Every structure is written in structure tokens, then in C-alpha cells.
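With positions in the sequence shown counted from 1, the corresponding number in my numbering is that position plus 8. Yeah, the Cβ is synthetic: ideal placement off N, Cα and C, and Gly gets one too. Fair warning: this is a prediction, and the values are worked out from it, not measured in the lab. Right, one structure below, let's go through it.
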Amino acid sequence: MSPQNLDISIPTLPLTSANNYKFKFVGEGAANIVFEVVTEPQDENRSIFQSEVTFESYYLLRVPKAGTKAHKYVELQEYWETAVKGLFRPENLVQQRLIRLEGEELASRLNRVLEQEEESRRADYRGSRVAAVEYGMLVEDMRKRNPDDLTLEFKPKWLAQSPNAPASATRCRNCARELLRYERTKPSDSLDDKSPKPKTTILCPLNFLACPTSPPALADVLAYLATALDPPIRRVETTPPAQYGRLVHWLRTNDLIPRLRAAQLAHDGDGAGPLGAAAAAREPAAAASLQLAMTLRDCACFVRVPADPGAPVEAKLGDLDKKNWVAKLEYWQGMETKLIEGRYYEGREADGIEVNCQLQRVKEGVPKKEGRPIA
9 MSPQNLDISI PTLPLTSANN YKFKFVGEGA ANIVFEVVTE PQDENRSIFQ SEVTFESYYL
69 LRVPKAGTKA HKYVELQEYW ETAVKGLFRP ENLVQQRLIR LEGEELASRL NRVLEQEEES
129 RRADYRGSRV AAVEYGMLVE DMRKRNPDDL TLEFKPKWLA QSPNAPASAT RCRNCARELL
189 RYERTKPSDS LDDKSPKPKT TILCPLNFLA CPTSPPALAD VLAYLATALD PPIRRVETTP
249 PAQYGRLVHW LRTNDLIPRL RAAQLAHDGD GAGPLGAAAA AREPAAAASL QLAMTLRDCA
309 CFVRVPADPG APVEAKLGDL DKKNWVAKLE YWQGMETKLI EGRYYEGREA DGIEVNCQLQ
369 RVKEGVPKKE GRPIA
């Protein structure tokens, strides 16, 4: 689709203006890199990166990596506008829009920033560089706006069981996959090192849905946030009680995670699941539905609890890029087959990892009032 067909105005980042900007490396994934653009107060193009309401820094610059096979940004934006945007309220989506980039010199400048950050980058991303392309993307900045804000990011993943899971399953799809991944990647124990090692704990995504009624599920989510995030979120040590309480309230009362689950199920190809996707995908509508379901299972949720007690908690979904289902289908099906044949959905256990799946709690009838204390 042509950019002109998108219902958005596309700003341009002129090279003459970009020469006056400073670019700060924020983060990266396998296919994209994100930078903060620091502008001078008097710069005429500063409004491109600002909120129209508060005039604060609002957008980050996202650009593709060279040598990847991901969809072009024009196609990604068209998909977000037409397939994703209508599923959620505007305040529940990380806003994004295209920006036209002028000249290869901009890519060179960004790559010089990466060279300076090389040692701080993830080992398997080092050496990758920015592609010289016509379009980049402006994405809403969900970092702290105040140093005392509380921010977190997590992947909700599969919020309902896989349609292909056996009826006897006691683990959800995500817990089963994490157990398989752990077995593949766990370090071998040294014969000389007999000291006990702490167990790795899997966070079951179904816990997010159970938070309103299940204290054990809420406790598991908070325990995960206290250990897996940087910085960790703890009630006393790092987080003021009022902010911690507002986070707990959001976990108990939000409707975003249930809405995401409903959207995943609504586009799951009539329950075909990955193993039935090949037949379903022969129909264009079914293929588009499968593509959207898998996109919704790979998104991220960003939560910001402002330091200002009068400001609302913000929760938004991002990373909703269109999936290349043709390229991914074989992988999705292979993973599902391994989970079933290896009994990862059922009673399989592994040393060094604790699998505490909400599905097993429900099937075994664990009372909702049991579990670790919340605070």
C-alpha cells in the first residue's frame, strides 16, 4: 500500500535539521533499533517529537536493521492502522506513525552512535547496524517522564490455552514452551560444583487474568515483577507504598488484559491452532486471522504509574508488528508438535525450574485464598 493511502500525515526529518539533533541509543530487538531524538528548544521541527498536549518529549525514533527480512515500515503501519488499531481504545495502544527520512547520512550518524554503544549492547546484537531506508517510525515513549515514576514492561503472550493442547494438559501453552526452552538452554552442572542453585521460576501469563480473584496469582505476578525487572519492583525497598498500591489495583481491575485475550481468541482461526493452520490458511480470511492472532500473542504491555498521585495509571500495548505467517508457520507447527510429543503440556518436570501454572491450579482445585502473601 502506498503511504499516501494511510490516514495519517507523514512528517519529514530533513537532513539539515537532523545535523542539529543528538541521538541517544534506547534499545533494540532482532529487526529494529530505537533512538531518542534530542532537539534544541528553538528548533522548528521539534514538534515532530513532542506531545501536542503537554509539549514534552513524546516520540522515539525506530529504524530497521540492515539485512533483516522484516516487513517494510509502510506495510507495518498500514497493518497497525487497519487490523490492530480498531481492537483497542486509543489510550491502550502505544501510538505510532511513519516519518520520512532524508539521506543516507542519517543512517551513518545513527550507526556512529551504535559504534559508541557497542559494549553495552546485547552480545548477539553487536555488529548489527541501521539500514538506509526511506521511512522510519515514531513510537510513543513509555519510559519515565518523572524520575520517580514507576514503569514496567512485560509480554502477556498466550492468554488462552492452545487449541492443539491435549485435553489432559495441566500446563498452558506458554508454561509448556518455557519448560522446553529451559531444557534446551540450561547450563550443565559442573562435577566440581555441588552447591545448590536457585530455581528458575516461570511466570504463567494466565496469572494476569486471575489477579482479580486469586491471591496466589496476584502474588506470583508481584513476585515476578520484584525479581525479573530492572529495577525490581518491591513494596518497601524501591517502590513507595502508594505507587505499589496503585499497581496492585491496576492488576486487579484492568480490562486491557482480558480484552487482549478476547482478541486473541476471536482471531484464532475457529480454533484450528497452529497445527490446523495450514488448511485454514488456504483461505485468505483465515490466513489474515491467524496472522493477527499470532501478532497479538507476541505484543508487549507497557505500564506507567506516575509519581503524581492524581495522574492515572497508563497501560498500553506495543510491538504489534505484522507477522510473516508464511515464514513462521513451519516454526509454529514444529513447536506445537514438540510440546505435545514431549509431554510438556502435561506432567513433564525438569531439575532447576519451577513450573507453577495457573491452569494446573484450576484443574487441581487449589483454593483461591492460598498462596504467598501479596505484601
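Note that the stretch 84-99 does not touch the stretch 44-56; fewer than 3 beta-carbon pairs, one per stretch, sit closer than 8 Å. Taking the CA atoms as reference points, K371 sits about 28 Å from C307. Beta-bridge partners of L101 (DSSP): L325. For R70, there is no enclosing alpha helix (DSSP H); the enclosing beta strand (DSSP E) covers residues Y67 to P72. Counting only runs of 4+ residues, the alpha helix (DSSP H) found wholly inside the stretch 216-272 occupies 223-235 and 249-261, in chain order.
From the listed residues Q104, Y67, Q58 and Q366, the smallest Cα separation to A227 is found for Q366. Beta-bridge partners of T345 (DSSP): none assigned.
In the structure shown, A140 falls within a coil segment according to DSSP collapsed to helix, strand and coil. Residue I56 holds the alpha-carbon nearest to the alpha-carbon of V45 among R185, R269 and I56. If you draw a straight line from the Cα of L188 to the Cα of D327, it is about 24 Å long. If the five residues before and after R54 are omitted, its C-beta is found closer than 8 Å to the C-beta atoms of T47 and E48, all from its own chain and listed in chain order. Pairing P174 with Y29 gives a Cβ-Cβ distance that is not under 8 Å. Judged by beta-carbon spacing, V82 lies beyond the 8 Å limit of V138, meaning their Cβ atoms are not closer than that value. DSSP, reduced to helix, strand and coil, places K371 within a helical segment of the structure shown.
Positions of the alpha helix (DSSP H) runs, each at least 4 residues long and wholly inside the stretch 162-201, are given as 181-193 in order along the chain. Taking all protein chains in view, the Cβ of D132 is surrounded by fewer than 16 other Cβ atoms within 10 Å, so the residue is classified as exposed.
Rounded to whole angstroms, the separation of the alpha carbons of P22 and C212 is 46 Å. The distance from the Cβ of W166 to that of R181 is about 4 Å, consistent with a contact at the 8 Å cut-off. Between P171 and G350, the beta carbon gap of about 18 Å keeps them out of contact (Cβ cut-off 8 Å). Put simply, the backbone Cα of G35 is about 19 Å away from that of D157.
Cβ atoms of F43 and L118 come within 8 Å of each other, at about 6 Å. In this structure Y190 is in contact with A358, their Cβ atoms being roughly 6 Å apart against a cut-off of 8 Å.
Taking the Cβ atoms as the reference, L106 lies roughly 5 Å from I18, within the contact range of under 8 Å.
Rounded to whole angstroms, the separation of the alpha carbons of K324 and N100 is 4 Å.
Sequence-distant partners of E126 (beyond 5 residues in either direction) whose C-beta falls short of 6 Å from its own C-beta, in its chain, are R134. Inclusion of K330 and H79 in the CB contact set at 8 Å is warranted, their separation being smaller than that value. Per DSSP, E127 is not a residue of any alpha helix (DSSP H), being assigned neither H nor E. K30 has V46 as its beta-bridge partners, per DSSP.
Between Q272 and A301, the gap from beta carbon to beta carbon is short of 8 Å. Along the stretch 298-325, the beta strand (DSSP E) occurs as fully enclosed runs of 3 or more residues at 308-313, listed in sequence order.
DSSP, read as helix, strand or coil, puts N119 in helix. Under the three-state reduction of DSSP, T90 is assigned to helix.
A direct Cα-Cα distance of roughly 22 Å separates T209 from F310.
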